[in-house]
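Visitor:
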Amino acid sequence: SPCANATATLTITVSPAPNAGTNGSVTLCSTDGVFALISALGGSPQPGGTWRDPSNAVHSGNFVPGTNAPGIYTYRVVGNSPCDPATATVTVTVNTAPNAGIGTNVVRCSNAAAFDLFLQLGGSPQSGGSWTGPSGAHSSIFTPGADQPGAYTYTVAGLAPCANATAVV
């Protein structure tokens, strides 16, 4: 008699690989608010992973300029067996916001000696900024009786994404 057909059933289960997204980077200003690091990852990172800071300590994933250290933050998503975990990193750079000091009002007699506008600023202004007055660009020296009275603005350029800082004398 002829042989009967033999059959076998094979069940294959495929576990989906975890997706941590792709490496990214972000530059923030020291005065920025809380930044969600996951938004700097490329691709479509799945939620629910864990974050580690540059010193490999557990991190919330919410970067706070001035509180958290700049550097490389690692996002890790655990996979179901037999899949290995997936990781991606975000390199965080923080630029310091410029400081133009605090503006003030100055009253001088028209025959008073020339004075340095920079020295009139309050706070801790950075040097290296530029001055503009009612007639346009101006040096930091104001000469009563010769220079036009009015608002003189000191501007310190910010390094992106930080905005310029200004103070008015």
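My numbering numbers the first residue of the sequence shown as 82 and each following residue consecutively. C-beta atoms are modelled at their ideal positions from N, C-alpha and C, and glycine is treated no differently.
1. Nearest CA to the CA of Thr-170: which residue from Pro-179, Arg-157, Thr-177?
2. Just the Cα atoms here: how many angstroms apart are Ala-181 and Gly-217?
3. Within its chain, find whatever has a CB closer than 6 Å to the CB of Ser-211; leave out the 5 residues flanking it on each side and keep chain order.
4. Do Gly-124 and Asn-149 come within 8 Å of each other at the CB atom, strictly closer than that value?
5. Could you give the distance in angstroms between the alpha-carbon of Val-145 and the alpha-carbon of Asp-113?
6. Determine the closest residue to Ser-136 out of Val-115, Ile-119, Asp-228, Gly-152, with distance taken between C-alpha atoms.
7. Asn-176 bridges to which residues according to DSSP?
8. Just verifying my parser: in three-state terms, what is the DSSP assignment at Ala-169?
9. Enumerate in chain order the residues of its own chain whose CB-to-CB distance from Leu-202 is below 8 Å, with the five nearest sequence positions on each side excluded.
10. Is Ala-193 near Pro-230, with beta carbons less than 8 Å apart?
11. So Asn-68 and Ala-121 are in contact, right, with Cβ under 8 Å, and what is the actual spacing, rounded?
12. Give, in chain order, every unbroken run of the beta strand (DSSP E) that is at least 3 residues long and sits entirely within the stretch 96-153.
13. Which whole-angstrom value describes the C-beta separation of Phe-199 and Pro-206, a residue pair presumed to lie in contact below a C-beta threshold of 8 Å?
14. Once the 5 residues before and after Ser-162 are set aside, which same chain residues still bring their CB inside 8 Å of it?
15. Quick one: measure Cβ to Cβ for Gly-239 and Pro-179, integer angstroms, because I've assumed they're closer than 8 Å.
16. Run the CB neighbour count on Ala-246, radius 10 Å, all protein chains shown included, and call it buried at 16 or more, exposed below.
Guide: On the basis of the supplied data:
1. As a first step, residue 170 must be located in the sequence shown, where it is residue number 89. For the options Pro-179, Arg-157, Thr-177, the alpha carbon positioned closest to that of Thr-170 is the one of Arg-157.
2. Translated into positions along the sequence shown, residue 181 becomes position 100. Translated into positions along the sequence shown, residue 217 becomes position 136. Distance between Ala-181 and Gly-217, taken at the CA atoms: about 18 Å.
3. Here residue 211 refers to the residue found at position 130 of the sequence shown. In its chain, beyond the 5 residues on either side, Thr-236 have a beta carbon closer than 6 Å to the beta carbon of Ser-211.
4. Here residue 149 corresponds to residue number 68 of the sequence shown, with the count starting at 1. Here residue 124 corresponds to residue number 43 of the sequence shown, with the count starting at 1. Taking 8 Å as the Cβ cut-off, Asn-149 and Gly-124 do not qualify as a contacting pair.
5. Along the sequence shown, read from residue 1 onward, the residue named residue 145 stands at position 64. Along the sequence shown, read from residue 1 onward, the residue named residue 113 stands at position 32. Note on geometry: alpha-carbon atoms of Val-145 and Asp-113 lie some 8 Å from one another.
6. Looking up residue 136 in the sequence shown gives position 55. Ranking Val-115, Ile-119, Asp-228, Gly-152 by Cα distance to Ser-136 puts Gly-152 first.
7. Reading the sequence shown from its first residue, position 95 is the one you call residue 176. Asn-176 is bridged to Cys-110.
8. On the sequence shown, position 88 is the one that residue 169 refers to. The answer is strand: DSSP assigns Ala-169 an E or B state.
9. Numbered from 1 along the sequence shown, position 121 holds the residue referred to as residue 202. Sequence-distant Cβ neighbours of Leu-202 in its own chain, meaning closer than 8 Å and more than five residues away, are Ala-181, Gly-182, Ile-183, Gly-184, Thr-185, Tyr-235, Ala-248, Val-250.
10. The residue you call residue 193 lines up with position 112 of the sequence shown. The residue you call residue 230 lines up with position 149 of the sequence shown. Their beta carbons are not under 8 Å apart, which means Ala-193 does not touch Pro-230 by this criterion.
11. Past the boundaries of the shown model lies residue 68; the chain is included only from 82 to 250, so the question cannot be answered.
12. Counting whole runs of 3 or more residues, the stretch 96-153 contains the beta strand (DSSP E) stretches 105-110, 131-133.
13. Indexing the sequence shown from 1 puts residue 199 at position 118. Indexing the sequence shown from 1 puts residue 206 at position 125. Contact between Phe-199 and Pro-206 is confirmed by a C-beta separation of about 7 Å, below the 8 Å threshold.
14. Taking the first residue of the sequence shown as 1, we reach residue 162 at position 81. Leaving aside the five residues that flank Ser-162 on each side, the residues in its chain whose CB is nearer than 8 Å to its CB run, in chain order, Ser-96.
15. For this step, residue 239 is matched to residue 158 along the sequence shown. For this step, residue 179 is matched to residue 98 along the sequence shown. That belief holds up - the Cβ atoms of Gly-239 and Pro-179 are roughly 5 Å apart, short of 8 Å.
16. Translated into positions along the sequence shown, residue 246 becomes position 165. The Cβ neighbour count for Ala-246, taken over all protein chains shown within 10 Å, is at least 16; the residue is labelled buried.
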